[in-house]
Amino acid sequence: GIGKTITCKAAVAWEAGKPLSIETIEVAPPKAHEVRIEIYHTGICHTDAYTLSGLDPEGAFPIVLGHEGAGIVESVGEGVTNVKPGDHVVALYTPECRECKFCKSGKTNLCGKIRATQGKGVMPDGTTRFKCKGQDLLHFMGTSTFSQFTVVADISVVAITPRAPMDRTCLLGCGITTGYGAAIITAKIEKDSTVAVFGAGCVGLSVIQGAVKCGASRIVVVDVNDSKEEWGRKFGATDFVNPTKINKPIQQHLIEMTDGGLDYTFDCTGNVHVMRAALEACHKGWGQSIIIGVAAAGEEISTRPFQLVTGRVWKGSAFGGVKGRTQLPNLVEDYLRGDLKVDEFITHRKVLDEINDGFETMKQGDCIRCVLDL
Ligand code: NAD
Ligand code: AHE
Ligand code: ZN
């Protein structure tokens, strides 16, 4: 049937560097191969703040940000077969079409089907479903979860069991899945490996959780914030180093600590100097360093090529290498069985009206994740 436009509340980013405004917006019905979702909960991720800051080369305004959300399908457009109204879902900023060259390669979770329009902030047909004060609002990362209702492509959504609480599973939409997957899928950490995790936020702690699952023998947390030692140990880290409190470069310190360097290192900071240290802390001949952090526009990484010539490997990971439609339901089951920590990451909760406080909270050292109730 023909759906109606819904009027609801959303946090609108009118321009870069300004606080979000809570507005009444209009959300058009889903077109063919689109899904309209009532968002119940969303996390706030540093990538939302990064785009809001104006530093993201793909950032455009006005926009509805948010990409770590869970909700219930309200209606579907023509041709949608993977979800139906009433399904509990998580929005996927890394879609999975199962048809494109990327999806069929078996080598990556990146899907090419709608990446170009997603990066421009529009739906696959080139238009937007959001309006406010007569103006079109852009979509963000194909998800826009800072709205009570959003519209996404059908390949950007996965149904999960309704037994799982959405105020927790929303975090599987980004931070937790990203770090956990980077350890298990991208790095494929082997049993008894040594691991260093640079940055113990939601992403880094999730890498630790993945490394523990893989049977790593030693997991070193590197963080400039001393309070992250306790956080790291809670998730299974064995060592902690504050790089500002040692009198030599962190890579040298780690190499000495581990008889020549680590088997796997992870950048979970987005700082390009940390990325270099993480690569150079790898063991000669085989150590792999995985970049997860998002660096600002214009930043570049560097190291001596000799580091790679002598066997260290530099890799990156988006959404932890996880294929969302295929693999996210399993992560939810792992959580429900008690095999995947999720609740532990939630340090703060707020309602949509408090979203700007949520952004401020996120930037403080004691916040792992702030979950918004919409
Ligand atoms: P966070 O801010 O909660 O955690 C970062 C941690 O790094 C903090 O504990 C901070 O104290 C520490 N840190 C900062 N500078 C450091 C330094 N010089 N040395 C050591 N530690 C340092 O962030 P988060 O939510 O965990 O996200 C981490 C990064 O991952 C961000 O850049 C985010 O945008 C990115 N991210 C990437 C993906 C992806 O798919 N690739 C997904 C989610 C997030
Ligand atoms: N738009 C930025 C890049 C941002 C970026 O790297 N995004 C990550 C996810 S961060 C989630 O918190 C990602 O998955 N990238 C892969 C992709 O296809 O966007 C820029 O620099 O242009
Ligand atoms: Zn994110």
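Everything in the sequence shown is counted per the UniProt record's numbering, starting at 3 for the first residue and increasing by one.
The C-beta atom is built at its ideal place from N, Cα and C for all residues, glycine as well.
It should be emphasised that the depicted structure is a prediction, and the values quoted were computed from it without experimental measurement.
For residue 65, the closest of 46, 112 and 22 by C-alpha to C-alpha distance is 22. When distances are taken from the beta-carbon of residue 177 to the heavy atoms of ligand 3, the shortest one is below 7 Å. Taking 8 Å as the cut-off, the Cβ atoms of residue 113 and residue 99 count as close.
Note on geometry: alpha-carbon atoms of residue 321 and residue 228 lie some 27 Å from one another.
Between residue 280 and residue 200, the CB-CB gap stays under 8 Å. In terms of Cβ geometry, residue 274 and residue 302 form a close pair [threshold 8 Å]. In the structure shown, the three-state DSSP call for residue 193 is coil.
Under the 10 Å beta carbon count, residue 171 is surrounded by 16 or more other beta carbons and is classified as buried. Ranked by how close their Cα comes to the Cα of residue 371, the residues 307, 233 and 306 have 233 in first place.
In this chain, the beta strand (DSSP E) harbouring residue 155 covers 151-155. When the Cα atoms are used, residue 328 and residue 150 turn out to be separated by approximately 26 Å. Around residue 244, the same chain offers 225, 226 and 228 as residues with beta carbons nearer than 7 Å, after the five sequence neighbours per side are excluded. Residue 156 and residue 163 have their alpha carbons spaced roughly 18 Å apart.
In the DSSP secondary-structure assignment, residue 109 is not bridged to any residue. Residue 60 and residue 140 have their C-alpha atoms some 12 Å from each other.
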